[in-house]
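J.:
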Amino acid sequence: MTDDMARAADAQAQLHACGCSKERARKALISISRQDLREMIEDGKPIELNCHFCNTSYLFSIEELMEMQKGRQPGSGDGL
Ligand SMILES: [Zn+2]
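The sequence shown begins at -7 in the working numbering and counts up one residue at a time.
1. Would you give the residue range spanned by the beta strand (DSSP E) that I39 belongs to?
2. Report the residue from S25, L29, F52 and I33 whose alpha carbon sits nearest the alpha carbon of E40.
3. Compute the beta-carbon to beta-carbon distance between Q61 and I33, rounded to the nearest angstrom, for a pair I have assumed lies under 8 Å.
4. Give the residues whose C-beta lies closer than 6 Å to at least one heavy atom of ligand 1, in chain order.
So this is what it looks like as structure tokens:
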């Protein structure tokens, strides 16, 4: 990979071409620890997640956070 190619890839990311979606943001949120998810819910405030590639922000309501928490399977995905 040349410097030119790297620069082109950078420019592309800034042109909103990073391919992120709310679904991806949701998966990122689900992958955090359940404890953190619960603290966010107890906080009572919607969570805003920013894509650091294209700077799109995705907003998740408490209701959505609760759905995510329910959707997690016990004993799987914690990586231990
Ligand atoms: Zn993005």
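Glycine included, every Cβ here is placed at the ideal spot set by N, Cα and C.
Just so you know, these numbers come straight off a predicted model, no measurement behind them.
T.: With the given structure in hand:
1. Numbered from 1 along the sequence shown, position 47 holds the residue referred to as residue 39. First-last of the beta strand (DSSP E) with I39: I39 to N42.
2. As a position in the sequence shown, residue 40 is number 48, starting the count at 1. Of the candidates S25, L29, F52 and I33, the one whose C-alpha sits nearest the C-alpha of E40 is F52.
3. Walking along the sequence shown from the start, residue 61 turns up at place 69. Walking along the sequence shown from the start, residue 33 turns up at place 41. 7 Å between Cβ atoms; contact.
4. Those residues, listed in chain order, are C10, C12, C43, F45, C46 and T48.
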